[in-house]
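Residues in the sequence shown are numbered consecutively from 20, following the UniProt record's numbering.
In this text, a Cβ means the ideal position worked out from N, Cα and C, and glycines have one as well.
Structure record follows, encoded as structure tokens.
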Amino acid sequence: DPIMEILDLSLWYGEKQALFDVNFDLYPSEILAFIGPSGCGKSTALKALNRMHDLTRDVRIEGRILMDGHDIYAPDIDPPLHRKRFGWVAQKPNPFTTSVYDNVAYGARIHGLTRTRADLDEHVETCLRRADLWEEVKDHLHSQAGTALSGGQQQRLCIARALATEPEVLLMDEPTGSIDPIATARVEELMLDLKKDHSVVVVTHSMMEARRVSDRVAYFHLGHLLELGPTMQIFEHA
Ligand code: ADP
Ligand code: ADP
């Protein structure tokens, strides 16, 4: 069964329509790539999934987004609680200036996932290991600032931070768009590992990246979802 169902989703920024009757499902343990030219609606569609759009500020939505069969825009949904089910990774690594430890501990603290200091230590280690960063940072957890790491390490730290709230879905907006090729390979490998227990939606400008990591591809053009299908099938006639 899909974890999310997006049904006839349309979205307007003021007068401007950015999405037109978009339909897709998201399944557990898959990587779905959003591709298409700049301005085609990829980020807009990504933000709709975790209710990042501020509907009070001139953004209007039609259609439905169901998670576990429940409409996420229904009045009984608490947006912060809904967002906790998602991890967000931005294009430009944006770690906090605090220590590596506190970067990861932050979300777990806020959501009360850990009770004692020992629990928290263990949780931070688990997330850093899961993000393939533990060995590089374990000796300076409290003394090194997140911002003092290399670009690729910063991005893996942001992934560890995203994992700290134990999300079911990872939303990645061009996660390799501003790191070097070696760091990119490492993040891509990590994504393939993370999909074992997460659904991953990744926006990418890179067809090569979509080919390497995704199970399915959604191709957007001018706010329309033009093609949706298994990655192999989509690239066959590209
Ligand atoms: P992509 O991620 O594919 O580059 P976006 O989803 O960012 O595309 O943008 C889709 C369209 O909506 C573009 O025309 C963009 O300029 C417009 N847009 C995005 N965000 C806003 C906003 N906050 N206000 C008005 N227009 C926006
Ligand atoms: P990013 O990829 O980090 O979102 P952008 O430059 O595409 O960077 O967009 C920065 C912010 O401005 C985003 O929140 C986006 O939704 C918003 N935005 C994009 N296009 C427009 C637009 N035409 N009008 C107003 N806001 C926009």
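Short Cβ contact (8 Å threshold) for ALA164 with VAL123:
no
Same chain only: Cβ atoms within 6 Å of LEU85, ignoring 5 sequence neighbours per side:
GLU24
Scan the segment 185-243 and note each continuous alpha helix (DSSP H) run of 4 residues or more that stays entirely inside, going in chain order.
200-213 and 226-232
Closest Cα partner of ILE50 within the set ARG231, HIS240, GLU255 and ARG79:
Among ARG231, HIS240, GLU255 and ARG79, the Cα nearest to that of ILE50 is on ARG231.
By DSSP, does ALA52 sit in helix, in strand, or in coil?
strand
Can ALA37 be considered in contact with ligand 1, in the sense that its beta carbon sits closer than 7 Å to one or more heavy atoms?
yes
Leaving out the 5 sequence neighbours to the left and right, which residues in its chain are closer than 8 Å to SER48 when beta-carbon positions are compared?
Once the five neighbours on either side are set aside, the close Cβ partners of SER48 are LYS214, LYS215, ASP216, HIS217 and SER218.
Roughly how far, in whole angstroms, is the beta-carbon of ARG104 from the beta-carbon of VAL188, given that I think they are within contact range, below 8 Å?
Yes, they are in contact, since the Cβ atoms of ARG104 and VAL188 sit about 6 Å apart, within 8 Å.
Just mark LYS61 as buried or exposed, buried being the case when its beta carbon has 16 or more other beta carbons within 10 Å.
Counting Cβ neighbours within 10 Å, LYS61 comes out buried, since at least 16 surround it.
From residue 258 to GLU228, what does the alpha carbon distance come to, in whole angstroms?
Here the chain covers residues 20 to 257 and nothing more, so residue 258 does not appear.
Closer than 8 Å is the cut-off here; do at least three beta carbon pairs connect the segment 186-206 with the segment 170-177?
yes
Taking 7 Å as the line, does the beta carbon of THR117 fall inside it for any heavy atom of ligand 1?
THR117: no, Cβ never under 7 Å from ligand 1.
By how many angstroms is the C-alpha of PHE53 removed from the C-alpha of SER118?
The straight-line gap from Cα to Cα measures roughly 33 Å.
Residue from LEU132, HIS161 and TYR238 with nearest C-alpha to PRO186:
LEU132
Roughly how many whole angstroms lie between the Cα atoms of GLY33 and ILE253?
33 Å
Distance, Cα to Cα, THR75 vs LEU68?
One Cα belongs to THR75, the other to LEU68, and the distance between them is close to 17 Å.
Using the three-state DSSP reduction, which class does GLY248 fall into: helix, strand or coil?
strand
For GLU81, report the span of its beta strand (DSSP E) as first-last.
78-86
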